[in-house]
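Residue numbers (UniProt numbering): 1 to 503.
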């Protein structure tokens with residue numbers, strides 16, 4: 001392309017009145033794949049560039065483009081970008097559709113763009129006119145088509161990148177909770193499950209995930225040494241190969257909860273199991289979704305709210321004091337990293353007697369008037385044998401399980417989870433784990449593509465319905481995967497005849 005020529009397409013490749021007028025003015029046509037193009041002598045080109053000499057512009061009033069701010073007052077951003085050239089786009093006169101997206105704005109590849117207030121694309125002058133741009137390039141760093149000034153920053157997932165003086169980026173090196181390399185390695189391996197990007201975890205570091213998304217403190221030795229309740233299978237008793245609590249007790253098993261960035265799985269898993277068990281043991285006469293916030297704010301003895309807590313303390317509180325429904329005392333969303341103290345307790349009433357009773361205080365949710373309190377019997381520990389856990393679950397309802405969460409569990413999307421070795425070759429900061437608690441709701445078996453049969457538990461997590469399999473996950477059964485069979489608890493809802501009669 002000669003710097004003295006400018007190519008102008010005639011619409012549809014046909015000789016229009018404008019083309020004939022241009023030819024009469026001294027422009028000569030030449031063939032072009034998209035239609036007739038026009039070479040413009042430099043003198044005529046400069047004439048066309050003058051504001052007010054454009055016939056179309058003269059006929060029109062001040063429109064959006066006339067009133068738009070200049071794009072290059074402080075210099076050209078993305079000076080090396082291929083905009084007009086990439087689309088092979090150069091238009092004569094004013095053509096408002098001769099436009100391209102440019103760093104959150106719009107730039108043009110028509111002659112009208114080169115008026116006093118320029119909105120030309122960065123490569124318009126070089127590609128369309130064959131002359132250097134009249135504005136200097138902005139010094140800085142390029143990222144995804146955008147120029148950042150020196151000391152400018154952007155976030156790459158969980159890491160902040162800063163533009164240095166020599167045009168180089170310097171980024172933090174924190175392991176991210178959503179690790180694209182790990183997702184790829186898991187999905188390319190034969191691990192029996194799929195990994196994916198859970199959008200709520202994007203931008204969090206692995207340390208933040210461990211700190212904010214778990215929150216169950218391991219029990220003391222005196223608690224872990226408590227006597228186990230052993231369930232004995234009867235003579236000839238055979239447990240089914242698959243079971244799901246929601247199928248045996250329809251409408252009595254509640255959906256997974258969402259703890260957000262509150263390290264309160266101790267309260268959420270306890271409330272989830274207690275809700276199901278009260279519903280089952282009352283034969284459906286009481287079907288509350290119990291309040292995790294009631295535990296987080298009011299169970300303060302050796303507990304830390306959204307900074308972690310113990311299961312034995314949660315069950316003690318439910319037995320001695322009881323909690324109200326989640327409608328009455330909804331989750332406030334207070335997160336561990338919020339400044340200031342945790343929300344104060346708004347339900348101080350002490351439960352006396354059996355079953356459901358009214359609290360002495362009104363519901364924190366002023367739109368709800370039913371301030372019933374629900375209680376349970378003392379929690380009991382099950383044996384770690386999978387058959388005993390299965391029998392308890394099938395007869396009495398979902399159980400609570402402690403488990404160790406590793407870095408890859410956050411990425412779980414579907415399938416039968418087991419901890420993978422994909423991080424073994426990486427620095428230690430990429431290999432983290434913490435203690436969590438969940439609600440086991442069933443079990444099953446699956447035949448894998450290689451012919452193996454894999455046994456699994458089904459469990460409800462507390463990371464919302466968008467995570468995993470609609471808020472649930474499956475995990476290898478019978479191998480104490482991630483210690484999920486090492487500390488399992490059951491409980492009975494405290495239900496009296498007066499509660500049954502109340503309904």
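For every residue, glycine included, the Cβ atom is placed at its ideal position computed from N, Cα and C.
The bridge partners DSSP lists for residue 229 are 382. Residue 141 is positioned such that its CB atom lies no closer than 7 angstroms to that of residue 156. Per DSSP, the continuous alpha helix (DSSP H) segment holding residue 281 begins and ends at 265-281. Under the DSSP assignment, residue 212 falls in the alpha helix (DSSP H) whose first and last residues are 206-212.
A distance of 7 angstroms or more separates the beta carbons of residue 98 and residue 88. In this structure the stretch 257-274 lies against the stretch 390-406, because at least three pairs of beta carbons, one per stretch, are closer than 8 angstroms. In this chain, the beta strand (DSSP E) harbouring residue 434 covers 433-447. For residue 358 and residue 375, the gap between their C-alpha atoms comes out near 12 angstroms. Put simply, the backbone Cα of residue 386 is about 10 angstroms away from that of residue 457. Secondary structure of residue 116 (DSSP, three-state): coil. By the Cβ criterion, the stretch 443-451 is in contact with the stretch 233-247, since at least three pairs of Cβ atoms, one from each stretch, lie closer than 8 angstroms. It is roughly 32 angstroms from the alpha-carbon of residue 472 to the alpha-carbon of residue 160. In this structure, the CA atom of residue 435 is about 23 angstroms from the CA atom of residue 455.
Rounded to the nearest whole angstrom, the CA to CA distance from residue 327 to residue 279 is 16 angstroms.
It is roughly 24 angstroms from the alpha-carbon of residue 488 to the alpha-carbon of residue 411.
In this structure, the straight-line span from the alpha carbon of residue 213 to that of residue 259 is close to 7 angstroms. In the structure shown, residue 346 falls within a coil segment according to DSSP collapsed to helix, strand and coil. For residue 158, the secondary structure class from DSSP, reduced to helix, strand or coil, is coil. In this structure, residue 432 places its C-beta atom within 7 angstroms of the C-beta atom of residue 210. Under a 10 Å Cβ-count criterion, residue 264 is classified as buried, with 16 or more other Cβ atoms of the shown protein chains found around its own Cβ.
For residue 84, the enclosing alpha helix (DSSP H) begins and ends at 84-87. The stretch 218-225 and the stretch 416-425 do not touch, with fewer than three beta-carbon pairs separated by less than 8 angstroms.
With a cutoff of 7 angstroms on beta-carbon distance, residue 186 and residue 200 are scored as not near each other.
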